[in-house]
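Protein chains in written order, with our numbering: chain A, 1 to 263; chain B, 264 to 515. Built from N, CA and C at the ideal position, the CB exists for glycine as well. Written out below as structure tokens is the structure these notes cover.
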Amino acid sequence: MNNKIPKRTFVQKYHLIGWGWTILFVILLGLSSAMTGVDWGTFFTNLNQFFVLVEQMASPAWDYIDIIWQPLLETIQMALIGTTIGTVLAVPFAIIAARNIVKNKVVRSVIRLLLNLVRTLPDLLLAALFVAIVGIGPTAGVWTLAVFSFGMVSKLFYEAIETIDEGPLEALRAAGANKMQIIIFAVLPQILNNFVSYFLYTFEINVRASTILGYLGAGGIGVYLQRSLSSFQYAQTGVIVIVIFAVVIIIDGFSNWLREKLV
Amino acid sequence: MVEKLIEFQQVRKVYSNGVVGLDNINLTINKGEFVAVVGLSGAGKSTLMRTINRMHDITSGDILLNGRSIVALKGKELRQLRREIGMIFQNFNLVKRSSVQRNVLSGRVGYYPTWKSALGLFSKEDKEKAELALQRVNMAEKIYTRVDQLSGGQQQRVAIARTFMQDPQIILADEPIASLDPMTTKEVMDDLKKLNQDFGITVIANLHSVPIAMEYSDRIIGLRAGKLVYDQPIAAVKQTDFDEIYAEKQEG
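Below is the structure:
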């Protein structure tokens, strides 16, 4: 038996494949910036403007908080309601999309295609759509977040369902349980913790996303963010940024703590 | 009086990949028997067992339960067949995140409409029956414990209690002791034997251990490569008989 360390080939020795990819990437980067007309100079010439802005934001108009705490609360409410609606709707779809529950490949594929389509819609596009449908205000925001969460959570859910122990499913089937009873007694108890964890995770994401939705008229603090920016009230913008920052950190921390408890 | 319970008539099972699982099985199992099925892995023991509760369908032949053919049952009738046949698994197959009580009660869901079981509306009698079932297997004090806190032997006993909830005519035990230590093996086998003797439940158990099979069963059946190669009442079984069942290759 030959037990020698083999010699590396020329390609392996000089990492030619790695170099090839790097060079290709640099060429593509150069080409695309040439095509879109990127002027590297402007990246930096306006840099001083950035510092002017930061300077103005650095002295926040704290009394502005009295006006924005209400829309801030609305933002969180939008996220909570939207996430709840989306998550609850995702449960039946996730069950139908799971390989180990629905053996019929056609049904599963149709549902998965539908879920994929929903997931391709970016949240800002959804917001623009819903503002057009239900009008300006937080209702549009709730709908946006509901659809957005539905797309995301349904995928996370069905992937979680596919990892469960199938032994209890077999046992329940052998005991004469019907499909619904198998889901209730053998599937749901195994994934309940995952469900709650994904709900919280989505809620975190939605709190962040919903701060922006107001930009498109979908309610919440984004409306005020846009107003202060367009009227050059950077001191007010500063307050909004700081408050959003604080709220997101608190909610992330709380939901992380809760999710760790669940595991 | 001997009463026929299960009859296999020229049962053949070919898997979709062409492998023959069962090859022309003719077999009658009587009410109240404790039958041990022995044979090498892949000999068709699990397949034979699962054709009785239709977890596996057969390719040709017929299986009668109390004189009635079961091979064509569908939907509700199939579920009614299954709820009268308990099943015990090597890996216990309990829901680990649920309580012992809920696992035991889940053995009863075949007798409930979906909405009632979904809301956990089990009758008082059934809740008492669950307590009784757990007492029978010495697990009463663990009723509110989560299953993942129990040892393997304890889990198998909970699984037996779950089966008991079905009021089964038959219990199919697929390698019930394969993942247990010798001490708990004895407890679990004793539990099965008690169900067999006290309630006249017919027990069919796939066993790897010949000594255990000789100790507990009334009759031993041997399978090799999907064929029934051995069938004797326990009084007629000789130790040397097993050489043939466990022979790796057929002679000749």
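Excluding the five sequence neighbours on either side, which residues of its own chain have a C-beta within less than 6 Å of the C-beta of F355 of chain B, listed in chain order? Q418, Q419, A422
Once you ignore the five residues that flank E340 of chain B on each side, which residues in its own chain have a CB closer than 8 Å to its CB? none
Strictly below 7 Å CB to CB, what residues from chain A border L357 of chain B? P168
Exposed unless 16 or more other CB atoms sit within 10 angstroms - verdict on E514 of chain B: Reliability fails at E514 of chain B, whose pLDDT of 44 lies under 50, so the model's placement of it is uncertain and no value is given.
At the 9 Å Cβ level, is R425 of chain B part of the contact set with chain A, yes or no? yes
Using a beta-carbon distance cut-off of less than 8 Å, what residues from the segment 169-199 of chain A approach chain B? Of all residues in the segment 169-199 of chain A, the ones placed with a Cβ closer than 8 Å to any Cβ belonging to chain B are E170, A171, L172, R173, A174, A175, G176, A177, N178, M180, Q181, I184, F185, A186, P189, Q190, L192, N193, in chain order.
Verify whether the separation of the beta carbon atoms of L435 of chain B and N289 of chain B is less than 9 Å. no
Quick one: list the residues of chain A neighbouring G415 of chain B, beta-carbon separation under 8 Å, in chain order. Within 8 Å of the CB of G415 of chain B, no CB atom of chain A is found; the nearest one sits about 13 Å away.
What separation, rounded to the nearest whole angstrom, lies between the Cα atoms of K405 of chain B and Q432 of chain B? 27 Å
Residue range of the beta strand (DSSP E) that includes T447 of chain B: Note, T447 of chain B: premise wrong, no beta strand (DSSP E); alpha helix (DSSP H) at 445-462.
Short check: CB of L486 of chain B to CB of L311 of chain B, under 9 Å? yes
Is the number of C-beta pairs between the segment 266-278 of chain B and the segment 317-327 of chain B that are closer than 8 Å three or more? yes
Does the beta-carbon of P138 of chain A have 16 or more other beta-carbons within 10 angstroms, so that it is buried, or is it exposed? buried
Closer than 9 Å by beta-carbon distance: list the chain A residues that pair up with M318 of chain B, in chain order. E170, R173, A174
Under 8 Å from the C-beta of G370 of chain B: neighbouring residues of chain A: A175
How many angstroms separate the CA atom of L72 of chain A from the CA atom of T211 of chain A? 8 Å
Use the C-beta contact count for Y214 of chain B: other C-beta atoms within 10 angstroms, 16 or more gives buried, fewer gives exposed. Chain B is shown only over 264 to 515; residue 214 of chain B falls outside these bounds and no answer can be derived.
From what residue to what residue does the alpha helix (DSSP H) around I65 of chain A run? 65-97
Buried or exposed, going by whether 16 or more other CB atoms sit within 10 Å of the CB of T163 of chain A? exposed
Is there a Cβ of chain B sitting closer than 9 Å to that of D165 of chain A, yes or no? yes
Taking the alpha-carbon of Q190 of chain A as reference, which of A:E166, A:G220, A:A174 has the nearest alpha-carbon? A:E166 is the residue among A:E166, A:G220, A:A174 whose C-alpha sits nearest the C-alpha of Q190 of chain A.
Roughly how many angstroms lie between the CA atoms of E170 of chain A and D437 of chain B, to the nearest whole one? 13 Å
Return the bridge partner residues of T465 of chain B from the DSSP annotation. For T465 of chain B, the beta-bridge partners assigned by DSSP are B:I433.
Would DSSP call S210 of chain A helix, strand or coil? helix
Go to G495 of chain B, then tell me how far its alpha helix (DSSP H) extends in each direction, as first and last residue. A small fix is needed here, since residue 495 of chain B is Gln in this sequence, not Gly. That residue, Q495 of chain B, is in no alpha helix (DSSP H); its beta strand (DSSP E) goes 490-496.
For a minimum of 3 consecutive residues, which ranges assigned as the beta strand (DSSP E) are wholly contained in the segment 274-314 of chain B? 283-293, 297-301
Round the Cβ separation of T202 of chain A and T83 of chain A to the nearest angstrom and send it over; I've been treating them as touching at under 8 Å. 5 Å
Going along the chain, which residues of the segment 338-368 of chain B sit with their C-beta nearer than 7 Å to a C-beta in chain A? R342, Q343, R345, R346, M350, F352, N354, N356, L357, V358, R360, S361
Based on DSSP bridge pairs, tell me the residues matched to E270 of chain B. Beta-bridge pairing links E270 of chain B to B:T291, B:L327.
Which partner residues of E486 of chain B appear in the DSSP bridge assignment? In the sequence as displayed, the identity of residue 486 of chain B is Leu instead of Glu. Note: L486 of chain B sits in a beta bridge opposite B:L491.
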